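Take the position in the sequence shown, starting the count at 1, then add 933; the result is the number in my numbering.
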Amino acid sequence: MRYDYHIPLKSSRQVTTMNEFLTNLKALWSRERLATRERFDEQRIHSTLNDRVRRGNALAGVEIEESAAAPGDRVLLWVSASAESLGTFRASSGSPVRIWVDRVDEPGGIDAVISRRKANRLGLVVDVFPPDKLFDRSFNLDAQAPETTFDRADKAIAAFVAAKERDDLGPLKAVLTGEAEPSSQKNPTLWQPIDRGLHEAQIAAVQNALDTRDVALVHGPPGTGKTRTLVEIVEQEVLRGNRVLVTAASNTAVDTIMERLEGRGLNPLRLGHPARVLESLEYLTLDARLEARPDFALIRGWQDQAARLFRKARQSDNISRLERRELFAESRRLNQDARRHMRGIQDAIVSTAHVVCATAAGADIRLLNDVDFDVVVLDEATQTPDPIALIAAQRAPRLIVAGDPRQLPPTIIDRSAGIDGLATTFFERLERHAVMLNVQHRMHRAIMGFSSELFYGGRLVAADSVAEHCLEDLGVTPDPLRPGPLVFMDTAGKGFDEVRTEEDPSTSNPGQAERTALEVRRLLSRGISPENVAVITPYDAQSRLLKTLLDIPGLEIGTIDGFQGREKEAVIIDLVRSNSTGELGFLNDTRRMNVAMTRARRFLLVVGDSATLGSKDFYQRFFEHVEEHGAYVSAWNDDADIM
């Protein structure tokens, strides 16, 4: 019997035409934009600048140290602030910020994007050279709502609305809006696998992708080789002479595919902020390739001269205001020359790349305006809201989407917009056409079994190479009190009560955190390396608490959401919730639990209160599963002493 706990969110009304669907989508996206703005505005309205600085949402007393040309016809500003305030500033590379002097909503404010963070300096990329007044005084920064992403998505929706039946996007539009079924060419594509290790389902997924005229779907449950399949698809498309745009919702997923593509000799070009790219892959970025060009020395010379003039204008006390303005003006002209020359080199690099990699939201940048792609690959499609998926989809007439609707959905701020359809993705609507990969190469069969039955109709099969692998194969000492690869540690009745404070709305459970820490130390005492262990939990507050209890080099501690797409030899999950009312919060989303329970390769230990968790049928089914496998242990039985 199949117990499928994934219930796709439905739109509140039936959408009957293609443009009606897109109009409805645009309205939902506008609500999401408003909700996101309101969240940022709420922080500003109800707090002072000093409060926002203390909470890591703003910077005060920022000064420009130097400027330089940046890729994409932009300007890079290196700014300084106190080490203390930069240390608490939470915005990361790629985050949008607002530059302001007198008030955050002033008309002359400038939008910027964080490029890099170095000690007490911050790199900011702006589209226009800032006014002279910013070079003569300090200013402030506030974290900003990601308006560029919303703008790009609005533009993509408009492009699909305008698409006609005979346009390149016409058939794609019909399929994505539910007007037509995905279609394939009449005669199957003839090809030979480059990766000889592909199994039957992976070969079927590649065949489906190569044959499609519009949309093909790859359903990749945990550990089933989704990335490996996508790499084969990309390589086959390149062999056919096609240009491919590879995208995903996150930078991490883009880098994962790109690393595999580079290993196959495809030399992909990575677009986006270099600071968001894995350090080992920075040489594949546009910036790195630009700097490797011989004529980049000319650009660098202009930039250096501009920087010298800029510093002279700022640091000289014996020059007139007019001379200072002239120095600033000459510095600006040199940077403009550098930007123009840089633009030509960038266009040449992009125009010769057969495989280009970027996030889905970053697929609509000026550098790609005149570039035609034959096919777009979108990974993490089940985490990508439809408007952002359309940003990538508009780049080619064929679209290959990959993901798993039984794992985490898109993050939607406006809950009502999510319920009305924004939290449901194109992949979910077209899932019946997907080729599902069914052989997983990660988990012991006992760890895999519960998720396979509950989420995948029992269709997952453990590859022979992993079906019975265990920690003991790595030289880890057996633990007779924690038998097998799967253990549920029941803390019911121990008095480990959850807590929540006014200062921190996230939930924690100090008592259970202590017990989880003991279980981690017991596991490590068996001889497993901390680098092979992860401790994950649904709540950020519990994650922070566990980090204070387990200051162990190499041990990774984080939230479930942050660990999607990852794996470790051993994983310990702290479920946190323990209360008398059976309130579960995040744990009601069983897709989050599917992610958590499928990260471990050889050993999975779940710590939780069965009395609280048992209020939901999903967890009752889990308790039955662990008891059937002899994997149930009560926290009353022992104190998790180190072995």
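Glycine included, each C-beta is placed from N, C-alpha and C at the ideal position.
Predicted model only: the values in this text are computed from it and were never measured.
Cβ separation of residue 994 and residue 1015, assumed to be a contact under 8 Å, to the nearest whole Å: 7 Å
Proximity to residue 963 [Cα-Cα], best of 1085, 1415, 1405, 1061: 1085
Validate contact between the region 1338–1348 and the region 1517–1524 using beta carbons, cut 8 Å, 3 pairs: yes
One or two residues paired with residue 1501 in a DSSP bridge: 1533
Unbroken alpha helix (DSSP H) run spanning residue 1268, endpoints: For residue 1268, the uninterrupted alpha helix (DSSP H) segment begins and ends at 1254–1284.
Between the CA atoms of residue 1512 and residue 1565 - distance to the nearest angstrom: 21 Å
Buried or exposed by the 16-neighbour rule on C-beta atoms within 10 Å, applied to residue 1097: exposed
At least 3 beta-carbon pairs within less than 8 Å: the region 1147–1154 vs the region 1358–1373: yes
Under the three-state DSSP convention, the category residue 1306 falls into: coil
Beta-carbon separation (whole angstroms), residue 1287 vs residue 1176, contact threshold 8 Å: Confirmed, Cβ separation roughly 6 Å.
Distance between residue 1393 and residue 1576 (C-alpha atoms, nearest Å): 35 Å
Short Cβ contact (8 Å threshold) for residue 1485 with residue 1469: no
Nearest residue (CA-CA) to residue 1136, options 1415, 1062, 1372: When each option's Cα is compared against that of residue 1136, the closest is 1372.
Rounded straight-line distance, which links the Cα of residue 1445 to that of residue 1476: 12 Å
With 16 other Cβ atoms within 10 Å as the buried cut-off, status of residue 1377: buried
Whole alpha helix (DSSP H) elements within the region 1110–1165, 4-residue minimum: 1133–1144
Residue 939 versus residue 1337: straight-line alpha-carbon distance, rounded: Note that residue 939 scores a pLDDT of 34, beneath 50, so its modelled location is shaky; the value from the coordinates is reported in the next line. Residue 1337 has its alpha-carbon roughly 11 Å from the corresponding atom of residue 939.
Touch test, the region 1454–1461 against the region 1430–1439, Cβ-Cβ under 8 Å, three pairs minimum: With a cut-off of 8 Å, the region 1430–1439 and the region 1454–1461 do not count as touching, because too few Cβ pairs lie within range.
Exposure of residue 1141, with buried meaning 16 or more beta-carbon neighbours within 10 Å: Residue 1141 counts as buried, since at least 16 other C-beta atoms from the protein chains shown sit within 10 angstroms of its C-beta.
Residue from 1428, 1537, 1424 with nearest C-alpha to residue 1567: Cα-wise, what sits closest to residue 1567 is 1424.
For residue 1012, the three-state DSSP class (helix, strand or coil): Correct three-state label for residue 1012: strand.
Where the beta strand (DSSP E) through residue 998 begins and ends: 991–1003
Start and end residues, beta strand (DSSP E) containing residue 1073: 1072–1076
Whole-number beta carbon distance between residue 1131 and residue 1165, since they are thought to touch under 8 Å: 6 Å
Distance, residue 1003 Cα to residue 1009 Cα: 5 Å
Proximity below 8 Å, CB of residue 1054 to CB of residue 1012: yes
Contact under 8 Å by Cβ, residue 1068 with residue 1247: Result yes, Cβ atoms of residue 1068 and residue 1247 sit closer than 8 Å.
Buried/exposed call for residue 1125, threshold 16 Cβ in 10 Å: exposed
Residue 1472 - DSSP class collapsed to helix/strand/coil: coil
CA nearest to the CA of residue 1453, picked from 1520, 1375, 1362, 1572: When the alpha-carbon of residue 1453 is set against those of 1520, 1375, 1362, 1572, the nearest one is in 1572.
8 Å contact criterion, which residue 1355 and residue 965 should meet: CB distance rounded: 6 Å
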